[in-house]
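One structure is given here, and the rest of the page talks about it.
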Amino acid sequence: MIVDRALQQRAASDNPIRVGIVGAGFSARRIAYQLASAVPGIRVCAIANRSIDNALDALSFAGFDEVREASSGAALDDRIRQGAVSVCGDPSVLCESDLIDVLVESTGTVDFAARAASEAIAARKHVVLVNVELDATLGPLLKQQADEAGVVFTDADGDEPGVAMNLVRLVRFMGLTPLVAGNLKGFYDRYRNPDTQQAVAAELNQKASSMTHFADGTKLSMELTVLANATGFGVGAAGPYGATLAHVMDSADYFLDKVSDRGMVDFLLATPPSNGVFVVARDVDEMRRDYLKYLKLGDGPLYTFYRPFHLPQLEVPATIGRAAVFGDAAVAPLGAPVCDTIACAKRPLKRGETLDGIGGYSCYGMIVDSATSLSQGLLPMGLSAGCKVRRDIGIDERIGYSDVEIPSSLASTLRRQQDDMFRESILRSKESG
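For the sequence shown, the working numbering begins at 11 and goes up steadily by one.
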């Protein structure tokens with residue numbers, strides 16, 4: 011049975027998967043609309059957002075007319091039993107509810123989202139992230155907590171890590187060995203900031219900070235980190251190659267002398283079709299290689315597979331169904347983190363400055379292996395917001411924990427727990443390989 015048939019059966023038996031969404035921005039609005047307008051067997055029950063007005067607007071966008079605020083889990087349950095939809099100002103209300111099955115976290119925040127995800131896991135609710143920022147920073151710890159609670163923690167189908175992971179699974183299913191997986195990226199300039207991105211943000215009805223971290227490589231690095239932690243793949247010693255090729259199908263030849271059995275994540279820049287994901291895999295079986303050549307995939311031993319699109323908000327329902335019906339994650343950490351996204355100075359930083367975090371003016375994210383991050387005490391990009399700089403830092407310099415004063419937060423506490431939990435295995439993997 012596949013997900014769409016399972017959801018149709020849930021709809022036919024009047025037993026929908028009940029979903030609470032955290033966030034009311036660009037992604038949340040479209041997720042709510044997609045669930046309400048096109049997907050049987052899933053029911054939007056509530057949106058939690060710090061701005062109630064924005065939550066109401068998001069539900070109106072999705073086609074809901076009669077919406078009221080629920081101030082507690084019990085009140086939300088009453089509304090759900092009445093067949094109504096609600097808003098609340100605190101995701102704790104969703105977690106307190108006995109009737110919410112899946113929490114979809116789509117804020118793009120780290121500290122706020124960490125609390126929502128942790129509380130949902132503790133309340134034994136499946137957690138679907140449309141939030142690689144959180145996953146790249148705290149995913150391994152949250153996955154461990156979810157396993158202990160007996161629920162699913164997963165990033166979403168449709169976002170690049172989920173699309174790539176599905177392609178990795180397909181390639182393995184066919185008997186090949188995936189060795190490279192990653193993104194097709196159209197544009198990359200690590201020095202972009204909210205000023206340079208303001209016009210395109212206004213045109214696309216997005217926040218300038220969002221368009222900044224799309225352009226400056228932070229989101230790319232976090233997506234690759236999520237993918238690395240789900241596959242066990244590493245990253246090149248000097249970081250991703252980020253090659254520009256005539257076409258994605260040329261990647262098999264490009265990576266021929268660069269791959270190892272460990273596997274790695276990478277990206278191709280301005281390489282047609284310039285959108286979606288790719289996987290480079292090896293096959294040494296003569297019968298399959300002859301067949302792959304017959305079907306015009308080349309002579310081998312490396313072969314390229316790709317998907318030229320990703321549709322996050324439209325594909326999220328598949329992740330919800332996989333989690334709630336089959337207990338299956340689209341993409342989730344295997345265990346100890348393999349890679350990390352650390353903060354680098356986007357411009358010269360002066361002592362006493364305060365870092366403005368993801369999508370800002372002061373720093374960008376760069377993927378490195380976790381052993382390097384841990385042994386060198388590098389600052390995760392997801393913890394950078396609000397950090398006060400202790401010394402002058404040069405442009406492109408990696409920022410360490412010792413270079414900043416980190417404000418107290420749940421995210422920083424959880425990250426310390428994650429580092430402590432996996433420290434031995436991370437450093438042991440560095441020694442062995």
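By construction, the Cβ of each residue, glycine as well, lies at the ideal position given by its N, Cα and C atoms.
Here Phe243 really is in contact with Val348; their C-beta atoms are around 7 Å apart, less than 8 Å. Gly196 and Asp267 have their alpha carbons spaced roughly 25 Å apart.
Rounded to whole angstroms, the gap between the alpha carbons of His257 and Pro283 is 7 Å.
For Gly33, the closest of Ala123, Asp14, Gly286, Ala85 by C-alpha to C-alpha distance is Ala123. The residues Phe432, Ser435, Ile436, in chain order, have a CB closer than 6 Å to that of Ala346 in the same chain once the five nearest residues on each side in sequence are set aside. Contact check between the region 127-139 and the region 239-255: fewer than three CB pairs, one atom from each, fall below 8 Å, which does not count as touching. In this structure Gln18 is exposed. Its beta-carbon is surrounded by fewer than 16 other beta-carbon atoms within 10 angstroms.
Within 10 angstroms of the beta-carbon of Asp63 lie fewer than 16 other beta-carbons, which makes it exposed. Shortest Cα-Cα distance from Thr254 to any of Val294, Val54, Val269, Asn193 involves Asn193.
CA-CA distance, Asp67 to Gly149, rounds to 30 Å. Across the set Arg20, Leu384, Cys373, Val290, the C-alpha of Cys373 shows the shortest separation from the C-alpha of Lys229. The Cβ-Cβ distance between Arg317 and Leu177 falls below 8 Å. Between Val399 and Arg361, the CB-CB gap stays under 8 Å.
Taking 8 Å as the cut-off, the Cβ atoms of Glu79 and Cys98 count as close. Leaving aside the five residues that flank Lys135 on each side, the residues in its chain whose CB is nearer than 7 Å to its CB run, in chain order, Cys105, Ile110, Asp111, Val112, Leu113, Val161. Just measuring C-alpha positions, the residue of Ala58, Ala72, Ala211, Val173 sitting nearest Arg125 is Ala58. Burial is judged here by how many other beta carbons sit within 10 angstroms of a residue's own beta carbon; Asp205 has fewer than 16 and is exposed.
Under the 10 Å beta carbon count, Thr329 is surrounded by 16 or more other beta carbons and is classified as buried.
With a contact defined as Cβ atoms closer than 8 Å, Ile409 and Ala353 qualify at about 4 Å. One alpha carbon belongs to Met376, the other to Thr351, and they sit about 5 Å apart. Residue state for Gly392 is assigned as helix, using DSSP reduced to three classes. Less than 8 Å separates the beta-carbon of Met232 from that of Ala146.
With a threshold of 16 other beta carbon atoms within 10 Å, Gln386 falls short and is exposed.
In terms of Cα proximity to Leu186, the closest of Val294, Gly392, Ala42 is Val294. The alpha-carbon of Thr382 is positioned some 46 Å away from that of Pro50. Contact between the region 307-322 and the region 410-426 is absent: fewer than three C-beta pairs spanning the two stretches fall below 8 Å. Taking a contact as a CB-CB distance under 8 Å, the pair Leu365 and Gly396 counts as one, their CB atoms being some 7 Å apart. With 16 or more other Cβ atoms inside 10 Å of its own Cβ, Ala156 counts as buried. If the five residues before and after Arg28 are omitted, its C-beta is found closer than 6 Å to the C-beta atoms of Arg53, Cys55, Leu109, Ile110, Asp111, all from its own chain and listed in chain order.
DSSP, read as helix, strand or coil, puts Asp267 in coil. Apart from sequence neighbours up to five positions away, the residues of its chain that approach Val120 with a beta-carbon distance below 6 Å are Glu143, Leu144, Thr147, Gly392, Ala421, ordered along the chain. Rounded to the nearest whole angstrom, the C-alpha separation of Ile41 and Tyr198 is 27 Å. Per DSSP, reduced to three states, the secondary structure at Phe336 is helical.
In the DSSP assignment, Cys105 falls outside any beta strand (DSSP E) and within the unbroken alpha helix (DSSP H) covering 102-106. In the structure shown, Leu278 adopts extended strand secondary structure according to DSSP, grouped into three states.
Here Leu305 is actually not in contact with Tyr313; their C-beta atoms are around 10 Å apart, not less than 8 Å.
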